[in-house]
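Working notes, beginning with the structure itself.
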Amino acid sequence: MSKKLLIKTWGCQMNEYDSSKMADLLNAANGYELTEEPEEADVLLLNTCSIREKAQEKVFHQLGRWKTLKDKKEGVVIGVGGCVATQEGDHIRERAPFVDVIFGPQTLHRLPEMIKQSQSDEAPVMDISFPEIEKFDRLPEPRAEGATAFVSIMEGCSKYCTYCVVPYTRGEEVSRPMDDVLFEIAQLAEQGVREVNLLGQNVNAYRGPMHDGDICSFAELLRLVASIDGIDRIRFTTSHPLEFTDDIIAVYEDTPELVSFLHLPVQSGSDRILTMMKRPHTAIEYKSIIRKLRKARPDIQISSDFIVGFPGETDKDFQDTMKLIKDVDFDMSFSFIFSPRPGTPAADYPCDLPEQTKKTACTSYSKLLTHKRCATLV
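What follows is the structure in structure tokens.
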């Protein structure tokens with residue numbers, strides 16, 4: 001009888017990608033087959049996200065439910081991975097000692113060994129280190145599931161926005177070698193994949209080592225991916241305005257495989273707030289990027305993210321953001337009410353803005369875009 005694996009995934013597309021690789025890895029190494037029924041599972045893995053408020057408590061609530069299953073069924077292994085595991089590894093061990101394996105986004109490739117060790121030692125195993133690109137060298141061959149696929153081209157972020165935990169939970173920016181990325185996509189194309197979504201916390205910071213010692217830029221990578229037989233459509237997630245350079249914009253002009261959609265988070269239309277966020281661009285610079293993009297690809301659709309109620313935000317800052325929304329005329333927008341992430345500089349910023357004021361501002365952003373598709377996440 002085959003062993004069963006359940007993976008519960010929270011968070012971004014990077015986490016979805018990582019979870020699919022966990023499943024492939026454990027299937028190849030130990031024959032685990034996926035199940036959606038917790039009661040059937042021999043291994044229960046939780047791939048976590050620390051972006052949202054109360055992310056840690058959400059993890060412990062889920063672990064409490066799984067502990068009941070572990071108490072009823074001998075030999076069940078519980079593992080916690082993802083960004084909360086990196087951030088709260090020691091706390092998880094203290095508060096949930098029944099968890100067998102704790103691993104970070106960069107150590108998921110060690111899961112088979114970690115699970116085996118936890119079973120033989122009958123003691124929890126934790127590895128939340130940052131071995132850079134090693135995980136991609138240890139993962140099984142890519143396996144297509146339909147005509148679309150996600151491919152990670154880089155890990156981490158080195159921008160250190162004051163509100164963001166990513167540099168602390170996924171490490172700094174590390175790009176996969178160009179040949180590795182292209183080979184994975186070519187393998188997927190041979191299996192019938194026609195649309196590929198390139199993933200990274202900041203994909204336009206991609207600087208992939210080449211076999212001749214040179215460095216491949218993101219713009220160059222896009223053109224190379226477009227040249228792979230069978231690949232008809234290319235998407236990517238997510239970008240940062242700082243490195244959205246003219247050579248990337250030029251790809252929109254001459255590469256039809258690149259879809260006419262871009263998600264480019266701006267977070268605020270106030271230069272003062274952008275400085276406090278450590279976002280090294282201005283509202284005018286952001287609008288300049290959008291103008292160039294629309295000149296290169298007139299039918300392009302643009303979406304963005306906004307943080308509402310950042311510490312110290314005034315009505316003037318709010319009005320500046322409203323002006324940017326009007327000027328850019330986004331096709332879609334996502335608004336998030338600020339919640340402090342432990343360990344980030346912004347968590348220590350004084351914030352006396354009433355909660356209702358934040359919600360009202362979030363609603364105002366939404367109403368401004370009622371003629372477009374707009375999602376407000378509170």
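With UniProt numbering, letter number 199 in the sequence shown gets 199, and the count goes up by one each step, no holes. Where a beta carbon is used, it is the ideal one built from N, C-alpha and C, also for glycine.
Asked	Found
Residues near I307 in its chain [Cβ-Cβ closer than 6 angstroms; skip 5 each side]	Q267, F336 and F338
Where S260 falls, given that 16 or more other Cβ within 10 Å makes a residue buried	exposed
Contact under 8 angstroms by Cβ, D229 with R194	no
Cβ contact check for the stretch 89-103 and the stretch 67-80: 3 or more pairs under 8 angstroms	yes
Of the residues D331, M277, R297 and A28, the one placed nearest C161, counting alpha carbons only	M277
Closest by C-alpha distance to M322, when choosing among E33, P342 and S270	S270
Beta strand (DSSP E) runs wholly inside the UniProt domain "MTTase N-terminal" (3-120), at least 3 long, in chain order	4-9, 43-48, 77-82 and 101-103
Inter-residue spacing [alpha-carbon to alpha-carbon] between L377 and P112	Note on L377: pLDDT 42, under 50, position unreliable in the model; the coordinate value appears next. About 37 angstroms.
Presumed contact (8 angstroms Cβ cut-off) between C157 and N204, rounded CB distance	Wrong, their Cβ atoms sit about 12 angstroms apart, outside the cutoff.
Limits of the alpha helix (DSSP H) - the one that C351 falls within	Premise fails: C351 is in no alpha helix (DSSP H) and is neither H nor E.
Option in Q117, H281 and Y163 with minimal Cα separation from residue 379	Nothing can be reported for residue 379: it is not among the residues displayed for the chain, which extend from 1 to 378.
T357 (DSSP reduced to helix, strand or coil)	helix
Buried or exposed (CB count within 10 angstroms, at least 16 for buried), F318	buried
CB of A41 within 8 angstroms of CB of K70, strictly	no
Under 8 angstroms between C-beta atoms of Y252 and A189	no
Burial state of P342 (16 or more Cβ within 10 Å)	exposed
Three-state class that DSSP yields for M154 in the structure shown	strand
Helix, strand or coil at Q187 [DSSP, three-state]	helix
Through-space distance from L264 to E355, alpha-carbon basis	27 angstroms
Identified DSSP bridge partners for T148	E195
Residue-chain proximity (P112, chain C), Cβ-Cβ < 8 angstroms	Chain labels in this structure do not include chain C; a single protein chain is all it has.
Run of the alpha helix (DSSP H) containing S217, from where it starts to where it stops	Per DSSP, S217 belongs to no alpha helix (DSSP H); it is in the beta strand (DSSP E), I215 to S217.
Pick from F183, R294, K73 and M14 that is closest to C49, judged by C-alpha positions	M14
Classification of K316 by the beta-carbon crowding that lies within 10 angstroms, buried from 16 upward	exposed
Member of L45, T35, V174 and L44 whose CA lies at the smallest distance from the CA of G208	V174
Chain-order list of residues whose beta-carbon lies under 7 angstroms from that of P140 (same chain, five-residue window excluded)	D24, L25 and A28
Residue closest to L198, alpha-carbon to alpha-carbon, out of H109, H211, E155 and K159	E155
Integer Cβ distance of V84 from V125, believed to fall under 8 angstroms	With a Cβ gap of about 17 angstroms, V84 and V125 do not count as contacting.
Alpha-carbon spacing of K67 relative to T148, whole angstroms	36 angstroms
Cutoff 7 angstroms; reference D214; Cβ partners in own chain excluding five residues on either side	none
8 angstroms Cβ cutoff met for L108 and K21	yes
Under 8 angstroms between C-beta atoms of I300 and L242	no
Span separating the alpha-carbon of T282 from that of I273	10 angstroms
Cβ-based neighbour list, E145, same chain, cut-off 7 angstroms, excluding 5 preceding and 5 following	none
Residue of C216, R235, G309 and R52 minimising C-alpha distance to V165	R52
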